[in-house]
Amino acid sequence: MWRDTVLVAGKDLRIEARSRVGLSQVVPFGVVALVLFAFALGPERAPMAKGAPGLFWVAVLFCTVLAVQRSVAVESVDGARDGLRLSGLDPAGLFLGKAAAVAAQLVVLEVVLGAGAVLLYGARIEVPWLIVTSGLLGAIGLAATGTLYGALSAGLRVRETLLPFLLLPIAAPVLLAGTRIWQAAMAGGVPSDGTQWLRLLVVFDAVYVALGVVVFGPLHESA
Amino acid sequence: MGYVVAGYVIVLSLLFLYAGQLVWRKRRLTRAVERFELLAAPGDEPGAGPAGSR
Amino acid sequence: MSAHQGRSSPPESSRARWTVRVVGITAAVATAATVWLALWVTPPDVTQGDLVRLVYLHPGVAWVALYLAFGLAAGASLLYLWPRTRSLFWDRLAAAAVEVGVVFNVCTLVSGSIWGKPTWGVWWAWDARLTSTAVLLVLFLGYLALRRVPAEPEVRARRSAFLALFAAVDVPIVHFSVLWWRTLHQGATVLNPDLTPTIHGSMAWTLLLGFVALTLVFVWMLLVRYRIGVLEDRLGTGELDMALRQRQAEGAPDDEDEAA
């Protein structure tokens, strides 16, 4: 299973590295979202700084949808999915690999958007390790749920509109937790609150990764 | 009290309207299936269907 | 040659139709009785006044939407996914439960909101239960949207069942997240949603009747909606059969024409 994970993750990341869709489209989209949020919240810094955690995570969520769409689209061409099914790859490894690739892309995205939030909104971060950990855990949770839902909606022509609709409610706890952790990590926050929310993220990640490992086989077959 | 009445009216109307829609759907479908069964029964053998128009 | 899906269901037996009718009538009577008791017979509450009358309705629809409908949909989906109990019956049951559940969910949110406005002063409050109910509604709607995608019944059933499974996992997580969100957040106005009156006497009976009546309404709707699902599938595969047969019929005479 682990060997297949590395294999699949490597394949997806290599495709990404060659096409650079993530870099040239998804990340700029995230930055555009940040800018639009600034317009929405008005010129004063105070409300923006206050809202920075939430805005950051909302932007990440939107970009997750794009990243997952891409991850699914990579396999939709020319019967590649049938090829995968016949290849004898362990489905759990397939799931972990795809999720890992998406998570990696999300981490890169988060670094850029995080920097953007600090620069554009004037957010002041005092406890950086909370930010980093929440970023990693959040990326894992989003990638796992995204890959699951991507498989569910793979091969459907309405995938573009259906996937966000399905995915975003499920990702809500990540948004809640991530925002709270950022707030705890910023000036005037209470770091111990942050650690409580980290625990939620860990549980969320554990649940959905485990679910994916168990369920991805039959799920992938039927789509 | 106005709120209470509004609440009851809205909820009961929703339930009632949905119930009505269910009954209507079921009737329409039952009729459609009946009609369809009637059509399907006689023309069962291949070749005995509508004259071979291209 | 209806070998395509030889699973054509028999027409509804007269006994089934009679059962549905009985359930329906009982449900209607029980609901009418509840409304009468709630609005006229029972006294207003000491603290809440007339607003307590909504309490006969709201927990009832909430129980149906959040536990009965959702629980049934999740359970039926699991039974479908489990190989030994796999049967399209469970899939159709789940779908029926979700659709009816949506209606009850909307009723829950509406009745809750209408009760909340005079009680808390706001149409909406971001507490755990309300938010989870709203999220559940979105998940239900997603399930219905996924089912609209045209597919073989087995494929559709599998897809929907997985979605139901994911949703079932998610709702408790969302509930707890929001619960934490409220209680851990310093300085939040802690709205107390549990303004349950001390229930006694006629009020208690009315409340119970309300639960029973709404459960019966749900059961009736479920039965009818289930039957609709069976009919829709029958029509769908039947039309395909017919189209195939017509194609075949068109094929045979062609050879004769060409030979002549």
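Protein chains in written order, with the working numbering: chain A, 20 to 242; chain B, 362 to 415; chain C, 1195 to 1454. We put the CB at the ideal spot given by N, CA and C, even for glycine. All of these numbers come straight from a predicted model, not from anything done at the bench.
**OP:** List the whole-angstrom C-beta distance separating Leu1262 of chain C from Thr1409 of chain C, where the pair is believed to meet the contact cut-off of C-beta under 8 Å.
**Re:** Rounded to the nearest angstrom, the Cβ distance from Leu1262 of chain C to Thr1409 of chain C is 7 Å, consistent with a contact under 8 Å.
Counting only runs that start and end within the stretch 120-172 of chain A, where is the alpha helix (DSSP H) found for 4 or more residues in a row? Here the runs fully enclosed are 147-172.
task = Spatial neighbours of Arg143 of chain A within its chain, please: CB distance less than 7 Å, with the 5 preceding and 5 following residues excluded, ordered by chain position.
result = Closer than 7 Å at Cβ, skipping near neighbours: Met205 and Ala206.
Q.
So, for Leu32 of chain A: in the same chain, excluding its five sequence neighbours on each side, which residues have a beta-carbon less than 7 Å away from its beta-carbon?
A. Correct list, in chain order: Ala120 and Ala123.
Query raised in the report: Does the stretch 1353-1371 of chain C come close enough to the stretch 1401-1418 of chain C that 3 or more CB-CB pairs lie under 8 Å?
Result: Per the Cβ contact rule, the stretch 1401-1418 of chain C is not in contact with the stretch 1353-1371 of chain C (fewer than 3 Cβ pairs under 8 Å).
message: So, at 7 Å on beta carbons, what are the nonlocal neighbours of Ala1224 of chain C in its own chain, with the 5 sequence-adjacent residues on each side left out?
response: These residues qualify, in order along the chain: Leu1403, Val1406, Ala1407 and Leu1410.
*asked:* For Gly363 of chain B, would you say it is in contact with chain C, using Cβ-to-Cβ distances shorter than 7 Å as the test?
replied: Not an interface residue.
Query raised in the report: For Pro237 of chain A, which of A:Val50, A:Asp109 and A:Val27 has the nearest alpha-carbon?
Result: It is A:Asp109 whose Cα lies nearest to the Cα of Pro237 of chain A.
Name, please, each residue of chain C whose Cβ falls closer than 8 Å to the Cβ of Leu383 of chain B. At a beta-carbon threshold of 8 Å, the residues of chain C lying near Leu383 of chain B are Met1415, Val1418, Arg1419 and Ile1422, ordered along the chain.
| What is the DSSP secondary structure of Met205 of chain A, reduced to helix, strand or coil? | Collapsing the DSSP output to three states places Met205 of chain A in a strand.
- At a Cβ threshold of 7 Å, is Gln1199 of chain C touching chain A? Note on Gln1199 of chain C: pLDDT 40, under 50, position unreliable in the model; the coordinate value appears next. Proximity of Gln1199 of chain C to chain A, defined by a Cβ-Cβ separation below 7 Å, is not satisfied.
Quick one, are the C-beta atoms of Ser128 of chain A and Val50 of chain A less than 7 Å apart?
Before going on, a small fix: residue 128 of chain A reads as Leu here, not Ser. Taking 7 Å as the cut-off, the Cβ atoms of Leu128 of chain A and Val50 of chain A do not count as close.
>> Quick check on the burial criterion: 16 or more other C-beta atoms within 10 angstroms. Buried or exposed for Thr24 of chain A?
In response: Using a 10 angstroms sphere on the CB of Thr24 of chain A, the tally of other CB atoms reaches 16 or more, which defines it as buried.
- Item | Host alpha helix (DSSP H) of Tyr1274 of chain C (start-end) | Tyr1274 of chain C -> alpha helix (DSSP H) spans Phe1264 to Leu1275.
| field | Alpha carbon of Leu1434 of chain C to alpha carbon of Asp1427 of chain C, nearest angstrom | value | Those two C-alpha atoms are separated by around 11 Å.
Please list the partners that Ser1305 of chain C has in chain B, where partner means a Cβ-to-Cβ separation under 9 Å.
Neighbours of Ser1305 of chain C across chain B, judged by C-beta separation under 9 Å: Gly368, Tyr369, Ile371 and Val372.
Taking the CB atoms as reference points, tell me whether Val1297 of chain C and Ala1267 of chain C lie closer together than 7 Å. No, they are not a contact pair.
Practice item. Taking only beta-carbon positions, decide if Ile189 of chain A is within less than 7 Å of chain C. Key: Using a Cβ-Cβ cut-off of 7 Å, Ile189 of chain A counts as an interface residue toward chain C, since at least one Cβ of chain C sits closer than that to its own.
Legend entry - Nearest residue (CA-CA) to Gly154 of chain A, options A:Ile200, A:Ile189, A:Leu186 and A:Glu179: The shortest Cα separation from Gly154 of chain A among A:Ile200, A:Ile189, A:Leu186 and A:Glu179 belongs to A:Ile200.
Legend entry - Contact set between the stretch 200-232 of chain A and chain C, restricted to residues whose Cβ is under 8 Å from the partner: Within the stretch 200-232 of chain A, the qualifying residues are Val209, Asp212, Gln215, Trp216, Leu219, Val222, Phe223, Val226, Tyr227 and Leu230.
task = Using a Cβ cut-off of 8 Å, pull out every chain A residue sitting near Arg1341 of chain C, in sequence order please.
result = Within 8 Å Cβ-Cβ: nothing; Arg1341 of chain C doesn't reach chain A, min ~11 Å.
### Task
Quick one: give me the first and last residue of the alpha helix (DSSP H) that Gly70 of chain A is part of.
From DSSP, the alpha helix (DSSP H) with Gly70 of chain A extends over Arg64 to Ala92.
Check: So, helix, strand or coil for Asp1239 of chain C, using DSSP?
Finding: Looking at Asp1239 of chain C - three-state DSSP - the assignment turns out to be strand.
Inset, instruction - Within 10 angstroms of the Cβ of Ser43 of chain A, are there 16 or more other Cβ atoms? Answer buried if so, exposed if not. - result: Under this definition Ser43 of chain A is an exposed residue.
Proximity below 7 Å, CB of Phe56 of chain A to CB of Leu74 of chain A:
It is a contact, given that the beta carbons lie within the stated cut-off.
#### Entry: Identity of the residue in C:Leu1401, C:Leu1416, C:Asp1364 and C:Trp1375 nearest Ala225 of chain A by Cα
Taking only the C-alpha atoms, the option nearest Ala225 of chain A is C:Asp1364.
Requested in this report: Measure how close the beta-carbons of Leu1425 of chain C and Val394 of chain B come, nearest whole angstrom, since I'm counting them as under 8 Å.
Outcome: Leu1425 of chain C to Val394 of chain B, Cβ: 6 Å. Contact.
9 Å Cβ cut-off: residues of chain C touching Leu399 of chain B | From the beta-carbon of Leu399 of chain B, no residue of chain C is found nearer than 9 Å; the closest lies around 12 Å away.
Report task. Please name the residue in A:Gly116, A:Ala68, A:Val130 and A:Val209 whose C-alpha comes closest to that of Ala162 of chain A. Result -> Here the closest residue by C-alpha is A:Gly116.
Per-residue DSSP class, three states only, for Leu1282 of chain C: Collapsing the DSSP output to three states places Leu1282 of chain C in a helix.
### Message
Suppose contacts are defined by Cβ-Cβ distances below 7 Å. Is Ser1371 of chain C in contact with Pro192 of chain A by that definition?
### Response
Contact check for Ser1371 of chain C against Pro192 of chain A passes: the beta carbons are separated by less than 7 Å.
- Give a yes or no on whether the C-beta atoms belonging to Ala1259 of chain C and Thr1302 of chain C are separated by under 7 Å. Yes, they are a contact pair.
Taking beta-carbon pairs under 7 Å, can you tell me which members of the stretch 1242-1256 of chain C lie near chain B?
Of all residues in the stretch 1242-1256 of chain C, those with a C-beta nearer than 7 Å to a C-beta of chain B are Asp1244, Leu1245, Arg1247, Leu1248, Leu1251 and Val1255, reading in chain order.
*asked:* For the structure I just gave you, are there three or more beta carbon pairs, one from the stretch 1231-1246 of chain C and one from the stretch 364-382 of chain B, closer than 8 Å?
replied: Put simply, the stretch 1231-1246 of chain C touches the stretch 364-382 of chain B. At least three CB pairs are less than 8 Å apart.
> Comparing alpha-carbon positions, which option in C:Gly1295, C:Ala1256, C:Val1294 and C:Tyr1274 lies nearest Asp1285 of chain C?
Replying inline: Proximity to Asp1285 of chain C across C:Gly1295, C:Ala1256, C:Val1294 and C:Tyr1274 peaks at C:Tyr1274, based on C-alpha coordinates.
Chain-ordered chain E contacts of Ile1219 of chain C [CB-CB under 9 Å]: No chain E is present in this structure, whose protein chains are A, B and C.
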